[in-house]
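Colleague:
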Amino acid sequence: MNRNHLAFSFAPPIQFLQTRPSPSTTTVREKSIALPIGRRHGYVRLTIITPHRRPISVRIPEAASLCSCFIQSQALKLVYIKRALSSWTGRASAALQEDMEMNSSADVLSSAYLAVEFVDSLLPQNPLQEPVKLVWNHMLQNYSKFQIATWGSLIVHELVYFLFCLPGFLFQFIPFMQRYKIQQDKPETWEKQWKCLKMLLFNHFFIQLPLICGTYYFTEFFNIPYDWESMPRWPYLLAQCFGCAVIEDTWHYFLHRALHHRRIYKYIHKVHHDFTAPFGMQAEYAHPLETVILGAGFFIGIMVFCNHMALLWAWVTIRLLETIDVHSGYDIPLNPLHLIPFYAGARFHDFHHMNFVGNYGSTFTWWDRLFNTDDQYHSYSQKQRLKKSQ
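Quick note: the sequence shown, position 153, residue 153 per full-length UniProt numbering, numbers continuous.
Structure, rendered in structure tokens:
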């Protein structure tokens, strides 16, 4: 047998593919067939011909006799490959084992990719996926790309923003939650909240809406897809959002720190510091120019990572969740966001509003640690802990 081309001992090509019917995946039809396997650098390559005669290439580990692998295609979404390599001869298996030892470090990323895919296949099915798919396809059929990119993005932004602000707004009426308020001597007043809301609505509809209108032209220029079949799956969506967060946090740290310079602070950033005890709705309360300057970091991440309209909305959601959380004024226990390494959190950013210096990062703390702009915060936190222990 040629060591550079392993083939099944069956002829003609076999129909060995089996699938579990699932509402979250496209079922593989019975006529899907597999062609011979090629071997190179620690993995084998299997070509699958779909019912629509579309060839799809799959890479699976050499040593696998039972594995699961995802294939993204319009005709084939999920394939379970069962004992595809069981027909290999002992000589072929020995050759593969030899290559495995020689190329143990090869294709680490491919192996990691397959590991993520396999773990994902073991997770329970998302019961919301089919309803979301129906809604998404209904949206595509009834609205133009311009309407989706412009008005859809505006609706997502407004709904998500005020929905995430709602818990913090209700906390002020719940006595039990006041124990978690960071600055308990500075309650939210109706006057402050009304002042905040007026500025917020002005920024949303006169500053952010014109920027949102450019979303359609952005997606057209970069050929960003809208269709359901091109939508990235959740591991990649989360990874891309994390990348966007890293870029935005870097931009925010340096530009935010620059806005605190004594020569320009009073002209722009001072507006955001009207409230020394922040609350959730105040997250986007800022001078219009600051909205544009710091908001640019949001779009830089999109320009780098965006490969689907869904990513834009996912990143909007995650970014709003983070900024409302750090401005909430409440340090809630068991907050799942605190599981994120180097996450700043409400107490970290609350100190910035209370003292006007340091803690310039928006999401993460690493830039403040690197440049020692969190020294005063750590000194303050240590004093607070000593006071509580006495």
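Here a beta-carbon is modelled for each residue, glycine too, at the ideal position from N, C-alpha and C.
(1) Quick one: Cα of L259 to Cα of Q141, how far?
(2) Measuring only the C-alpha atoms, how far is V304 from D185?
(3) How is K186 classed by DSSP in three states: helix, strand or coil?
(4) Spatial neighbours of H308 within its chain, please: C-beta separation below 7 Å, excluding the five flanking residues on both sides.
(5) Tell me, please, whether the region 360-373 touches the region 196-216 by the rule of three or more beta-carbon pairs shorter than 8 Å.
(6) Classify T363: buried if its beta carbon has 16 or more other beta carbons within 10 angstroms, exposed otherwise.
(7) May I ask you to list the residues that DSSP assigns as paired with Y226?
(8) Rounded C-beta distance between residue 398 and I247? I'm assuming under 8 Å.
(9) What residue does the alpha helix (DSSP H) around Y253 start on, and which one ends it?
(10) Whose CA, out of K388, N355, W366 and Q390, lies closest to the CA of Q376?
(11) When you compare only the Cα positions, how much space is there between N137 and W228?
(12) Assuming A346 contacts D325 (C-beta within less than 8 Å), just tell me the rounded distance between them.
(13) If you draw a straight line from the alpha carbon of F275 to that of T323, how long is it in whole angstroms?
(14) Are the Cβ atoms of residue 418 and V156 separated by less than 9 Å?
(15) On a Cα-Cα basis, can you pick out the residue from A245, L289, A283 and P278 that is closest to K266?
(16) Is the beta carbon of S328 sitting closer than 9 Å to the one on G168?
(17) Per the DSSP calculation, Y330 is bridged to which residue(s)?
(18) On the three-state DSSP scale, how would you describe F364?
(19) Determine the direct distance from the alpha carbon of P235 to that of H338, and round the result to whole angstroms.
(20) Can you say whether T189 is buried or exposed, counting buried as having 16 or more other CB atoms within 10 angstroms of its CB?
(21) Going by DSSP, what residues sit across from Y343 in a beta bridge?
(22) Just the C-alpha distance for F176 and L166, rounded to the nearest angstrom, thanks.
(23) Would a C-beta distance cut-off of 9 Å place N203 and Y285 closer than the cut-off?
(24) Determine the direct distance from the alpha carbon of Q390 to that of F298, and round the result to whole angstroms.
(25) Contact check, A277 vs Q183 under 8 Å by CB: the rounded distance?
(26) Whose CA, out of L320, I174 and E220, lies closest to the CA of F164?
(27) Within the present structure, is the beta-carbon of I207 separated from the nearest heavy atom of the ligand GDP by less than 8 Å?
(28) Report the three-state DSSP secondary structure of T276 (helix, strand or coil).
(29) Our contact map puts A344 next to C241 with C-beta atoms below 8 Å; I'd like the distance itself, whole angstroms only.
(30) Let me know the secondary structure DSSP gives P304 once reduced to three states.
(31) Determine, using beta carbons only, whether H256 and G361 come nearer to each other than 9 Å.
(32) Using the three-state DSSP reduction, which class does G168 fall into: helix, strand or coil?
(33) Restricting to Cα atoms, I'd like to know which of F146, Q178, H352 and K383 is closest to K270.
(34) Cβ of V292 within 9 Å of Cβ of I207?
(35) Once the 5 residues before and after F342 are set aside, which same chain residues still bring their CB inside 7 Å of it?
Modeller: In short:
(1) In this structure, the alpha-carbon of L259 lies about 45 Å from that of Q141.
(2) Roughly 43 Å separates the two Cα atoms.
(3) Shown here, K186 sits in coil according to DSSP, grouped into three states, outside any helix or strand.
(4) If we look at H308 and ignore the five residues flanking it on each side, its Cβ neighbours are I224, P225, S230, M231 and P232.
(5) Too few Cβ pairs lie closer than 8 Å, so no.
(6) Using a 10 angstroms sphere on the CB of T363, the tally of other CB atoms reaches 16 or more, which defines it as buried.
(7) DSSP, once it has assigned bridges, lists no residue as partnering Y226.
(8) A query on residue 398 cannot be resolved here, the shown segment of the chain reaching from 1 to 390 and no further.
(9) Its alpha helix (DSSP H) spans residues W234 to L259.
(10) Restricting attention to K388, N355, W366 and Q390, the CA atom closest to the CA of Q376 is found in N355.
(11) Each residue's alpha carbon lies about 7 Å from the other.
(12) Rounded, the Cβ-Cβ distance is 6 Å, consistent with contact.
(13) Rounded to the nearest whole angstrom, the C-alpha separation of F275 and T323 is 15 Å.
(14) Outside the displayed span of the chain (1 to 390) sits residue 418, for which this structure offers no information.
(15) Ranking the options by Cα distance to K266, first place goes to L289.
(16) Yes; because the gap between Cβ atoms is below 9 Å, this pair is in contact.
(17) Within the DSSP bridge table, the entry for Y330 names K181 as partners.
(18) DSSP places F364 in strand when its eight states are reduced to three.
(19) Approximately 20 Å, taken between the alpha carbons.
(20) Result: exposed.
(21) The partner list for Y343 (beta bridge, DSSP) reads F364.
(22) C-alpha separation (whole angstroms): 17 Å.
(23) The Cβ atoms of N203 and Y285 sit closer than 9 Å to each other.
(24) Rounded to the nearest angstrom, the two C-alpha atoms are 44 Å apart.
(25) Going by Cβ atoms, the distance from A277 to Q183 rounds to 4 Å, so yes, they are a contact pair.
(26) In this structure, L320 is the residue among L320, I174 and E220 with its C-alpha nearest to the C-alpha of F164.
(27) The ligand GDP is not among the ligands present in this structure, which contains no ligands whatsoever.
(28) T276 carries a coil assignment under DSSP once its states are collapsed to helix, strand and coil.
(29) Rounded, the Cβ-Cβ distance is 17 Å, inconsistent with contact.
(30) Note on identity: in this sequence residue 304 is Val, with Pro being the wrong assignment. In the three-state scheme derived from DSSP, where H, G and I count as helix and E and B as strand, V304 is classed as helix.
(31) In contact: H256 and G361 (Cβ atoms closer than 9 Å).
(32) Under the three-state reduction of DSSP, G168 is assigned to helix.
(33) By alpha-carbon distance to K270, the top candidate from F146, Q178, H352 and K383 is H352.
(34) Contact flag set, yes.
(35) Once the five neighbours on either side are set aside, the close Cβ partners of F342 are F364, T365 and W366.
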